[in-house]
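Visitor: The structure is given below, and queries will be raised subsequently.
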Amino acid sequence: MVLAGCDPPPPAVPPAPRVAAANPLVAPLQDSILLTGQTAATASVDLVARVPGFLREVGFADGADVRQGQLLFRIEDDSYVAQVALAQANLDQQTATLKSAEAEFARQETLRKQLIATQSTYDSTLAARDTGRSAVAAAQANLKVAQINLAYTRVEAPFAGRMGRRLVDPGNLVGSGAPTKLGTLSQIDALYATVSVNERDLRRLQAAMRDRALTRETLQGVPVQAGLSDEPDLPHRGQLDFVDSGLDTGTGTLVVRARLDNPGRSLAPGLFVRLRIPLGSPQPVLWVPAAAISVDQVGPSLLVVDAGGVVNLRRVGLGPNRDGLQVIASGLQPADRVVTEGIQHAVPGRTVVAVPGVIGAPTVSARAE
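Per my numbering, the sequence shown runs over residues -17 to 351.
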């Protein structure tokens, strides 16, 4: 009697793991340079007392916005009003004297033609007339100087802008011996942002200028974006308005300036801003989730699933990243299926069940720095 053995059944083959895979997203990317610079007022003036006197009035609150022509400081003007009156009276006197001298000269000229007046009398009246004319001209000049000095007692805003703090309080003597600085007015409806372009970025900028047939002159006017350190979206708009003629020999950088619109006056002079300069038109590139990228000693890579469901390791070159997405500069094709979820279950050389994944689009204004 032969007994048949009972062999155990072979182990069950585990099912292939499920992963999510998606084609890389094709979306535009604009190459650009992101630089850090500092803002400055497009116009700034130190307001000074140009005539001596006691400061009587301050016509603004510290840090206030003022309109063009607004009275900002007033210096006592009693003595200057008197000087204008005195100069006017002197002019009137000299004008009357001239009128008399001209009448006498006209009479002597008539008598001379009749051979009645002597030459010496004629010469005397001619000299008196000319002296009178000079005296009137001098009196007119003195009156003009007195009127200018009187006008200097009123310090008005030469343009609309924002005042800093006042540097002198009413009651103090100003302008004695030398002009006294009273305050500073800055024009901030638009601001300058000045940045220094290093050699690497300068080469990129020059290459973009060649590709777009831009000159140093036409580069001025290129639109730019700017933002403060806590403004990731760079909400402020402007345009380049100055490119220096050469590199700074001390730093090896090129000074570039942009004029930023500031209608709400949310920006102020002296702030550090990030300035983005576009280098060309947006170009389509491949985007994948940044989480799909692995980096080892060899370099960055990601996992792709072929038509047979086999996972393959793909070495790639990276571009910039935005909003959790990574630009793939090389090593990937639009038709490739990239593992986006379940990466821990995807082992190169193993078979997986790939279900469709989704890659969200980056922001509309995705740019490379």
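Glycine included, each C-beta is placed from N, C-alpha and C at the ideal position.
Nothing here was measured: the structure is a model prediction, and the numbers come from that model.
#1: Determine whether the beta carbon atoms of Tyr174 and Arg241 lie at a separation below 8 angstroms.
#2: Between which residues of its own chain and Ala317 is the CB-CB distance below 8 angstroms, once the five residues before and five after are set aside?
#3: Would you tell me roughly how many angstroms separate the C-alpha atoms of Ala160 and Asn154, rounded to the nearest one?
#4: Based on DSSP bridge pairs, tell me the residues matched to Ala240.
#5: What whole-angstrom Cβ distance do Leu257 and Gly19 have, given they're in contact under 8 angstroms?
#6: Which term fits Pro266, buried or exposed, when burial requires 16 or more other beta carbons within 10 angstroms of its beta carbon?
#7: Can you tell me the Cα-Cα spacing of Val309 and Ala25, whole angstroms?
#8: Using DSSP bridges, identify the partner residues of Thr162.
#9: Under the rule that 16 or more other beta-carbon atoms within 10 Å means buried, what is Val(-16), buried or exposed?
#10: Apart from the five residues on each side of it in sequence, which residues of its chain come closer than 8 angstroms, Cβ to Cβ, to Leu253?
#11: May I have the straight-line CA-CA distance separating Phe36 from Val225, to the nearest angstrom?
#12: For Val204 versus Gln221, is the C-beta spacing smaller than 8 angstroms?
#13: Quick one, which of Val270, Gly291, Thr322 has its alpha-carbon nearest Gly299's?
#14: Could you check what DSSP says for Thr200 in three-state terms: helix, strand or coil?
#15: If you draw a straight line from the C-alpha of Val177 to the C-alpha of Val255, how long is it?
#16: Keeping to the same chain, check which residues put their C-beta closer than 6 angstroms to that of Gln76; ignore five residues upstream and five downstream.
#17: Alpha carbon to alpha carbon, how far is Leu284 from Gly331? Give it in angstroms, no decimals.
#18: Near Glu84, what residues of its chain come up, given a Cβ to Cβ distance below 6 angstroms and the 5 sequence neighbours on each side ignored?
#19: Could you please give the first and the last residue of the uninterrupted alpha helix (DSSP H) stretch that includes Gly114?
#20: At which residues does the alpha helix (DSSP H) containing Ser283 begin and terminate?
#21: Can you check DSSP and say which residues form a bridge with Asp47?
#22: Just to confirm, is the Cβ distance from Val179 to Leu236 under 8 angstroms?
#23: Tell me whether Val1 is buried or exposed, calling it buried when 16 or more other Cβ atoms sit within 10 Å of its Cβ.
#24: Mind checking which residues open and close the beta strand (DSSP E) that includes Thr322?
#25: How many angstroms separate the CA atom of Gln96 from the CA atom of Gln90?
#26: Name the DSSP bridge partner or partners of Gln52?
#27: Can you check whether the CB of Leu164 is closer than 8 angstroms to the CB of Leu149?
#28: Going by DSSP, what residues sit across from Ile57 in a beta bridge?
#29: Ends of the beta strand (DSSP E) at Arg326?
#30: What is the DSSP secondary structure of Glu213, counted as helix, strand or coil?
#31: Under the DSSP definition of a beta bridge, which residues are partnered with Gln169?
#32: Given Leu53, which residues of its chain have a CB within under 7 angstroms of its CB, disregarding the five upstream and five downstream residues?
#33: Within 10 angstroms of the Cβ of Ala336, are there 16 or more other Cβ atoms? Answer buried if so, exposed if not.
#34: Run through DSSP, which three-state label would Val334 get?
#35: Whose CA, out of Gly342, Val287, Ala328, lies closest to the CA of Leu314?
Guide: Put simply:
#1: yes
#2: Asn5
#3: 14 angstroms
#4: Ala175, Leu222
#5: 5 angstroms
#6: exposed
#7: 42 angstroms
#8: Ala31
#9: Because Val(-16) carries a pLDDT of 49, less than 50, the predicted location of this residue cannot be relied on, and the following value inherits that uncertainty. Result: exposed.
#10: Counting only Cβ-Cβ distances below 8 angstroms, and skipping sequence neighbours, we find Gln20, Thr21, Leu210.
#11: 46 angstroms
#12: yes
#13: Val270
#14: helix
#15: Approximately 9 angstroms, taken between the alpha carbons.
#16: By the criterion of a C-beta distance shorter than 6 angstroms, Gln76 is surrounded in its chain by Ala117, Val118, Ala121, once the five residues flanking it on both sides are discounted.
#17: 13 angstroms
#18: In the same chain as Glu84, and ignoring 5 residues on each side of it, the C-beta atoms closer than 6 angstroms to its own belong to Arg111, in chain order.
#19: Here the alpha helix (DSSP H) through Gly114 covers 101 to 133.
#20: From DSSP, Ser283 is part of no alpha helix (DSSP H) but of the beta strand (DSSP E) over 282 to 287.
#21: BP columns for Asp47 point to Arg144.
#22: yes
#23: buried
#24: 319 to 323
#25: 10 angstroms
#26: DSSP, once it has assigned bridges, lists no residue as partnering Gln52.
#27: yes
#28: Leu37
#29: Sequence check: residue 326 is Gln here, not Arg. Where Gln326 is concerned, there is no enclosing beta strand (DSSP E), given that its DSSP letter is neither H nor E.
#30: Reduced to three states, the DSSP call for Glu213 is coil.
#31: Ala25
#32: Gly41, Arg136, Glu138
#33: buried
#34: coil
#35: Val287
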